[in-house]
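Colleague:
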Amino acid sequence: MMVLVLALTGGLYALANLGRVGALPANIVPFLVLVFALMLVAHVALRRLAPQADPVMLPLAALLNGVGYVFIARLDSQEASYQAIWTAVGIACFIGVLVAFPRAVNLERYRYLIALGGIILLVLPLAPHIGQDINGARLWVHLGPINFQPEEFAKIALAIFFASVLAERADLLATGTRRIGRWLVLEPRYLAPLVGAWGVCLLILLAENDIGSSFLFFTLLVGLLWVATGRWAYLALGAGMFLGAAVFALDVIHHAESRVQAWLHPWAHFATSGYQIIEGWFALAAGGMWGLGPGQGNPQIIPEASTDFIFASIGEELGLVGLTALLIAYLLIVGSGLRSAVRSQRSFSKLLATGLSLLMGVQVFVVAGGITRLIPLTGITLPFVSYGGSSLVSNYILLAILLRISDDNAREQALADAVVLEAGPDLYGPVAAASPTAVTQVVGP
Amino acid sequence: MNSMNRRVRLAGLATCLLLVAVFVQLNYLQIFRAGALDNNPLNTRNIVLKYEQPRGAIISADGVTLAQSVPSHDQYKYQRVYPEGALFGQITGYYSFIYGTDGLENEYDAVLSQANASVTFPTDLQEVKNFFTNQPAPDNLHITVLARLQRLAASELAGRAGAVVAVVPRTGAVLAMYSNPTYNPTALASHNQATEQKAWKKLTSGPSSPLVAAAYRQRFFPGSTFKVITSSAVYDHKPSLANKAIPVLTGLPLPDTANQVLHNFAGEACGGKLLELFTVSCDTGFGQLGLDLGGQNLYDEARAFGWDRPVPLDLPGVAESFFPQPSTFVRNGGALAKSAIGQESVQAVPLTLAMDAAAIADKGVIMTPHLLGRVTGSQGQTVTTYHPKQWLRATSAATAAEVTKLMLSVVNSPNGTGVAARIPGVQVAGKTGTAQTGGPNIETWFVAFAPVPNPQIAVAVLVENQPIGTEYQGGTIAAPIAKAIIQAYLQNGGKP
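Chains as they are written, first to last, in the numbering used here: chain Y, 1 to 445; chain P, 446 to 941.
(1) Could you tell me which residues DSSP puts in a beta bridge with P/Ser541?
(2) How big is the Cα-Cα spacing for P/Pro771 and P/Leu738?
(3) Using beta carbons (cut-off 9 angstroms, strictly below), is P/Val453 in contact with chain Y?
(4) Exposed or buried, which one is Y/Ala353 when buried takes at least 16 other CB atoms within 10 Å?
(5) If P/Ala802 and P/Ala903 are in contact, beta carbons under 8 angstroms, what's the gap, nearest whole angstrom?
(6) In whole angstroms, what is the alpha-carbon distance linking P/Leu758 and P/Ile504?
(7) What residue from Y/Pro303, Y/Ile333 and Y/Ile405 has the CA that sits closest to Y/Asp76's CA?
(8) Is there contact between the stretch 740–752 of chain P and the stretch 826–846 of chain P, where contact requires at least three CB pairs shorter than 8 angstroms?
(9) Establish whether the CB of Y/Gly230 and some CB of chain P are separated by less than 9 angstroms.
(10) Please go through the same chain and pick out, in chain order, the residues whose beta-carbon is closer than 6 angstroms to the beta-carbon of Y/Phe242, but skip the five residues on each side of it.
(11) Assign P/Glu909 to one of three DSSP states: helix, strand, or coil.
(12) When the Cα of Y/Ser214 is compared with those of Y/Gly199, Y/Leu398 and Y/Phe161, which residue comes out closest?
(13) Excluding the five sequence neighbours on either side, which residues of its own chain have a C-beta within less than 6 angstroms of the C-beta of P/Asn551, listed in chain order?
(14) Can you tell me which of Y/Trp290, Y/Val362 and Y/Gly337 puts its alpha carbon nearest to the alpha carbon of P/Arg454?
(15) Can you tell me the Cα-Cα spacing of Y/Cys93 and Y/Ala262, whole angstroms?
(16) Buried or exposed: which applies to Y/Ala249, given that a residue is buried once 16 or more other Cβ atoms fall within 10 Å of its Cβ?
(17) Just mark P/Ala555 as buried or exposed, buried being the case when its beta carbon has 16 or more other beta carbons within 10 Å.
(18) So P/Lys876 is in the beta strand (DSSP E); what residue range does that whole segment cover?
(19) DSSP has P/Thr830 in a bridge; who is on the other side?
(20) In whole angstroms, what separates the C-alpha of P/Pro698 from that of P/Leu597?
(21) So that I know if they touch, is there some Cβ in chain P lying closer than 9 angstroms to that of Y/Thr440?
(22) Indicate the three-state DSSP secondary structure (helix, strand or coil) for P/Asn937 in the structure shown.
(23) Let me make sure I understand the geometry here. Which of P/Gly501, P/Lys928, P/Arg605 and P/Leu734 has the alpha-carbon closest to that of P/Gly870?
(24) Does Y/Leu12 get closer than 9 angstroms to chain P when you measure Cβ to Cβ?
(25) On the DSSP letters alone, give me the boundaries of the beta strand (DSSP E) that P/Val624 sits inside.
(26) With DSSP as the reference, identify every bridge partner of P/Glu888, one or two as the case may be.
(27) Give a yes or no on whether 9 angstroms exceeds the smallest Cβ distance from P/Asn777 to chain Y.
(28) I'd like the span of the beta strand (DSSP E) that includes P/Gln835, first residue to last.
(29) Hey, could you find the ends of the alpha helix (DSSP H) Y/Tyr387 is sitting in?
(30) Looking at P/Lys783 and P/Leu707, is the spacing between their C-beta atoms short of 9 angstroms?
(31) Smallest Cα separation from P/Gly818: which of P/Tyr831, P/Ala690 and P/Ile868?
(32) To the nearest angstrom, report how far apart Y/Gly244 and Y/Leu264 are at their CA atoms.
(33) Kindly indicate which three-state DSSP category P/Gln767 falls into: helix, strand or coil?
(34) If you follow the beta strand (DSSP E) that P/Met812 is in, where does it begin and where does it stop?
(35) In terms of DSSP beta bridges, what is P/Gln524 paired with?
(36) Please report whether the beta-carbon of Y/Leu284 lies at a distance below 9 angstroms from any beta-carbon of chain C.
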């Protein structure tokens with residue numbers, strides 16, 4: 001599967017260059033060697049560090065990363081070289097997470113530390129000197145030569161924190177214990193850490209003008225609350241609160257209001273806020289069913305063609321077919337993540353896997369839905385594909401955690417099977433003879 | 446645990462539905478609305494796409510590249526260049542991002558653009574590459590104009606305002622079509638908008654724009670060259686007039702006017718039969734012939750010779766020559782007499798006069814004037830070839846033979862006005878024209894064809910803004926240019 005992905009990426013890279021400048025790229029061999037080496041390292045590391053993990057997710061992520069790289073290289077060679085470095089960093093972090101956390105539960109121990117870290121990350125862009133406004137939102141942090149968007153990492157930290165708190169208190173949160181009039185309501189102190197964390201991050205996001213990320217966090221919290229407790233009221237409450245916050249934001253934040261105007265009346269705002277979305281549409285329309293072919297289109301016309309609008313750039317050159325393939329790849333990753341969640345025997349792992357999978361799925365929807373005008377456009381990145389170090393590295397970390405959970409499941413399942421086998425040899429008769437080997441194989445070092 | 450799993454699955458389903466919604470919306474945008482979005486006037490993508498593609502070359506009949514696309518290393522990939530610059534500017538036209546196209550670039554846009562390239566089986570690495578990248582090399586346009594004749598026309602005009610048009614009578618192929626002032630299309634094809642705008646402003650700010658080519662987009666008083674058509678009308682409508690002796694006069698009193706008199710050039714006295722009138726270009730005599738013929742006959746003859754109708758030359762914006770409606774001559778004999786000698790409101794496009802000379806040369810038939818020779822594919826194979834077509838029958842072969850005699854006399858008679866066009870060993874038929882413009886300067890003309898009896902080239906030469914002199918300046922200024930063109934063409938027996 002990995003080989004297939006490498007062939008696809010290499011082929012696409014060559015074609016894009018052929019289409020653009022009419023020659024095979026001069027660096028095709030080093031490029032392929034580098035891609036091959038990076039993916040091989042990631043693959044071998046995964047097989048050694050989490051041998052039972054889902055085999056599909058890493059190749060899919062590598063494919064998305066590869067396709068994204070080809071398009072970034074096609075749009076801006078300078079960005080491409082940065083993206084290559086970020087890919088290497090991302091894979092290093094991927095391996096780092098697998099090494100540092102041999103079991104997913106290890107993450108749970110540091111939940112308050114992680115939550116604090118997440119909140120600090122979110123506050124960072126507001127700090128004087130190091131924070132920076134880009135495109136009306138204050139999302140960036142400058143530390144020496146490195147610029148990054150801390151919210152990309154904060155979302156993982158919050159997912160871990162929410163999952164751990166909810167795993168502990170799911171039952172408490174599911175049933176009201178305090179009576180107000182006819183209604184049973186929750187003991188406020190059970191919810192306090194969650195609401196507190198959520199409130200802090202929302203306030204920060206409003207201060208930073210980032211609607212896309214606040215929507216992502218909101219979905220994460222509300223989704224996890226519902227999955228953990230089964231209370232539909234949380235969904236309704238969450239939706240209501242978000243709408244309220246959105247209406248409030250429209251009044252207060254000019255940036256948000258112009259985005260909504262561009263969403264409702266893009267043609268009327270063609271010269272200003274609607275320009276990007278319409279150019280994105282022109283790109284998609286030019287692509288049609290099969291696309292113009294790699295390197296054959298003009299995605300550079302769209303502002304932010306390599307980051308927020310890379311989805312439209314790909315749509316122009318790979319067409320509906322290419323975008324559908326991309327959507328399917330995301331669905332498969334999200335599906336694999338949720339399958340791990342279902343298989344997981346621990347509430348924490350289950351909720352964490354659910355949260356991280358939903359983060360990825362919803363993020364794809366927010367980007368693609370924004371570009372296709374299903375929802376207002378917000379500037380967030382397409383996981384693994386968009387240009388941007390923070391996005392790429394954080395998504396590799398997210399992937400590592402999902403794979404870690406998936407590996408845990410397989411090991412625990414094997415262990416459970418083994419326990420059953422040892423406990424009841426009579427039930428299985430002759431098969432029991434093979435069981436010790438099976439156990440050592442699975443649980444062994 | 447189980448109920449939680451159920452909710453995880455539901456969440457998965459919800460995510461799935463969200464992405465399906467994106468998929469549905471993508472179908473709407475990329476398939477159902479794609480056409481409307483592609484054609485939206487705000488969409489610059491198609492224009493940019495077009496400018497990114499190589500474009501076919503335009504090549505003269507003698508193999509000189511007049512326009513071609515070269516790699517540009519900027520965002521549009523290809524730059525249109527015009528190696529011959531201003532010499533062919535009014536024929537090739539321009540290919541401009543801001544101002545669109547003109548000339549052959551406009552007329553044969555479909556041929557030159559890559560989208561319509563003829564597909565051939567790839568035979569080398571470049572072709573294979575093009576095949577895979579969906580870039581068939583575009584077809585090339587070969588035109589009938591000879592660069593050497595065009596160059597000669599430019600050097601003979603020597604910067605004077607005017608025009609030279611040369612055609613092959615038998616086919617209508619344009620051999621040379623040059624006029625001053627002309628322009629170099631290179632700046633208009635620049636990818637730098639400021640350069641384009643500056644060039645455009647310069648080309649359109651003057652009193653007469655070089656974009657309006659004198660050779661095929663402007664009208665001038667034809668003067669005595671119109672006597673070719675008046676004479677043809679005599680043979681076609683009232684042959685008896687050809688042998689009528691017109692009284693010798695210095696001035697012809699004009700009917701329906703307050704004692705206006707039409708004077709001969711330089712106050713000369715002339716008269717006699719048609720041959721004598723034509724040889725010396727007798728204005729009083731032709732004024733009288735015009736009155737005898739009547740407005741309707743003159744108008745019909747002019748129409749037959751391609752006046753007052755669109756000219757099917759394969760270029761955009763070709764002007765029509767103008768001859769007044771017969772009704773305007775009712776109780777206005779003065780206008781009729783003046784129109785018969787190419788004055789009053791009669792106006793000719795140089796191209797039309799060349800076609801009229803060609804009509805006499807080709808036994809009364811006007812072939813469709815054309816620049817297209819053939820279209821070749823990227824490997825040099827001929828894709829299409831132009832086949833000559835008749836445009837009009839101007840007059841009968843018999844009339845054409847009679848008028849040819851008149852025109853030979855202009856060059857061959859000792860008292861002819863066109864003796865300057867004589868070429869040793871070649872029978873040249875011609876007619877001078879010296880038109881008053883109402884201003885201090887005159888327009889000088891010469892129309893000719895050669896060699897009689899099997900003409901291979903017909904020419905119309907115009908030199909504008911010449912000071913009034915004492916001689917028939919059509920003969921002294923324009924005729925030598927026509928002679929040079931004819932001589933140069935016939936030297937190689939018509940071969941490039």
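For glycine and all other residues, C-beta sits at the position ideal for the given N, C-alpha and C.
Modeller: On the basis of the data shown:
(1) Within the DSSP secondary-structure output, P/Ser541 pairs in a beta bridge with P/Gly545.
(2) So the alpha carbons of these two residues sit roughly 12 angstroms apart.
(3) Yes, its Cβ sits closer than 9 angstroms to a Cβ of chain Y.
(4) Y/Ala353 should be labelled buried.
(5) Rounded to the nearest angstrom, the Cβ distance from P/Ala802 to P/Ala903 is 4 angstroms, consistent with a contact under 8 angstroms.
(6) Spanning the two alpha carbons is a distance of roughly 18 angstroms.
(7) Looking at the Cα atoms, Y/Pro303 is the closest of the given residues.
(8) In this structure the stretch 740–752 of chain P touches the stretch 826–846 of chain P; the number of beta carbon pairs closer than 8 angstroms is three or more.
(9) Yes, because at least one Cβ of chain P sits closer than 9 angstroms to the Cβ of Y/Gly230.
(10) For Y/Phe242, where only same-chain residues beyond five positions count, the Cβ hits under 6 angstroms are Phe218.
(11) It is a strand residue.
(12) Of the listed residues, the one whose Cα sits closest to Y/Ser214 is Y/Gly199.
(13) Within the same chain, P/Asn551 has close Cβ partners Gly538 and Pro761.
(14) Residue Y/Gly337 is the option with its Cα nearest to P/Arg454.
(15) As the crow flies, the alpha-carbon of Y/Cys93 is around 38 angstroms from that of Y/Ala262.
(16) Residue environment analysis places Y/Ala249 among the buried positions, since at least 16 neighbouring C-beta atoms fall within 10 angstroms of its C-beta.
(17) A residue is called buried once 16 or more other Cβ atoms fall within 10 Å of its Cβ, and P/Ala555, having fewer, is exposed.
(18) Taken as a continuous stretch (DSSP letters only), the beta strand (DSSP E) holding P/Lys876 covers Ala874 to Gln881.
(19) The bridge partners DSSP lists for P/Thr830 are P/Arg819.
(20) Their backbone Cα atoms lie some 44 angstroms apart in a straight line.
(21) The predicted position of Y/Thr440 is uncertain, since its pLDDT is 40 and thus under 50; a value taken from the coordinates is nonetheless stated next. Chain P, which has no Cβ nearer than 9 angstroms to the Cβ of Y/Thr440, makes this no.
(22) Residue state, collapsed to three classes: coil.
(23) Distances from the CA of P/Gly870 to each of P/Gly501, P/Lys928, P/Arg605 and P/Leu734 were compared; the closest alpha carbon is that of P/Lys928.
(24) Not an interface residue.
(25) With the sequence shown as reference, residue 624 of chain P is identified as Ser, and Val is not the correct amino acid for it. For P/Ser624, the enclosing beta strand (DSSP E) covers residues Val619 to Asn625.
(26) P/Ala880.
(27) Contact with chain Y is absent for P/Asn777, since none of that chain's Cβ atoms lies less than 9 angstroms from the residue's Cβ.
(28) Element bounds for P/Gln835: Gln835 to Arg838.
(29) Per DSSP, Y/Tyr387 belongs to no alpha helix (DSSP H) and is neither H nor E.
(30) Closer than 9 angstroms, so yes.
(31) Closest option to P/Gly818, Cα to Cα, is P/Tyr831.
(32) Whole-angstrom Cα-Cα distance: 19 angstroms.
(33) First, the amino acid is wrong: residue 767 of chain P is Phe here, not Gln. Here P/Phe767 sits in strand by DSSP.
(34) It spans Val810 to Met812 - the beta strand (DSSP E) in which P/Met812 sits, taken as one unbroken run.
(35) Per DSSP, the beta bridge partners of P/Gln524 are P/Val515.
(36) The structure shown contains no chain C; its protein chains are Y and P.
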